[in-house]
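Per my numbering, residue -5 is the first one in the sequence shown, and the count goes up by one each step.
The beta carbon of each residue, even a glycine, is placed where N, CA and C say it ideally should be.
Please read these numbers as outputs of a predicted model, since none were measured by experiment.
A quick write-up on the structure given underneath.
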Amino acid sequence: MAEERTDGMQAHWEQFADDDPMWYIATWNRDWTVEDFFASGKAMVDRMMAWAEPLLPGRDRMLEIGCGLGRTSVHFADRFARVDAIDISEKMIRQARSLNTRDNLRFAPASGRDLSEFEDSVFDMVYSFMVFQHIPDAAVIETYLSEVCRILKPGGVATLQFDTRPQNPLVELYKRLPDPLLPRNHRRFIRRYRRRPEWVRVAFERHGLTVRDEAGAGTEEHFILAQKPAV
């Protein structure tokens, strides 16, 4: 079942890459230019780095999970010697490669289920925004958290976003409508799934990541700053 959902999610994002990738990644603007789209990622990177930098063990290598076209990846590449950026959509990755040609920025397709392509203890930082909110299976999220801990260096940090708004019965009814009646970005395999803040915190700790700080608990942009133990 998890594999079916991952395949369904991938199919949607492949279609989004054909239709209007910049809008599906950043839906607050219908009229992105390429320049404005990429410039919009800098503020997020500045925010994440200001938050994480005091804990970082180094700036050798970082990973972005769910990079899309590389809107933020390109700015992380200003901060780290090497950036790996992965996405479930191969079409997004191909476009990202054509739009970003920095030598220290590597784009690659991902399975959407784990991070098995990476070795243990290689990243100083892992970042993700607007990815885990689209994963319906809690077990898949837990697998990712375990994998994030595995690939981080001792003392490495993760800044990951979740949607932890309270459950809304009307939203749950809305989700039961047939897909053809819903906007494409609200359909099965791509809609948002809300988690309780307490569940998210416990999941991090359960998989070896110490929660150092958080911002936006109970909102659609709940960020967790977590760290792998240094020993």
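In the DSSP assignment, aspartate 30 falls within the alpha helix (DSSP H) that extends over 28 to 33.
Sequence-distant Cβ neighbours of serine 83 in its own chain, meaning closer than 7 Å and more than five residues away, are Gln4, Trp7, Glu8 and Ala11.
With a 10 Å radius around the Cβ and a threshold of 16 neighbouring Cβ atoms, serine 110 comes out exposed. For glutamate 141, the uninterrupted alpha helix (DSSP H) run begins and ends at 132 to 145, by DSSP.
Using a 10 angstroms sphere on the CB of leucine 146, the tally of other CB atoms reaches 16 or more, which defines it as buried. Shown here for methionine 43: same chain residues with a beta carbon closer than 7 Å to its own, the five before and five after excluded, namely Arg73 in chain order. Comparing alpha carbon positions, the residue from Ser105, Asn23, Glu29 and Val28 closest to glutamate 141 is Ser105. Contact between the region 121 to 134 and the region 145 to 163 is established, with three or more Cβ pairs separated by less than 8 Å.
In the DSSP secondary-structure assignment, histidine 216 is bridged to Phe156. Secondary structure at proline 148: strand, using DSSP grouped into helix, strand and coil. A Cβ-Cβ contact shorter than 8 Å links leucine 99 with alanine 71.
DSSP assignment within the region 45 to 101 yields the following whole beta strand (DSSP E) runs of 3 residues or more, N-terminal first: 55 to 59 and 76 to 81. Sixteen is the threshold: since fewer than 16 other Cβ atoms of the shown chains lie within 10 Å of the Cβ of valine 196, the residue is exposed. In the DSSP annotation of this structure, the continuous segment of the beta strand (DSSP E) that includes glutamate 208 starts and ends at 204 to 209.
By the CB criterion at 8 Å, arginine 186 and aspartate 173 fall outside the cutoff.
If the five residues before and after phenylalanine 117 are omitted, its C-beta is found closer than 7 Å to the C-beta atoms of Arg55, Met56, Leu57, Ile145, Leu146, Lys147 and Gly150, all from its own chain and listed in chain order.
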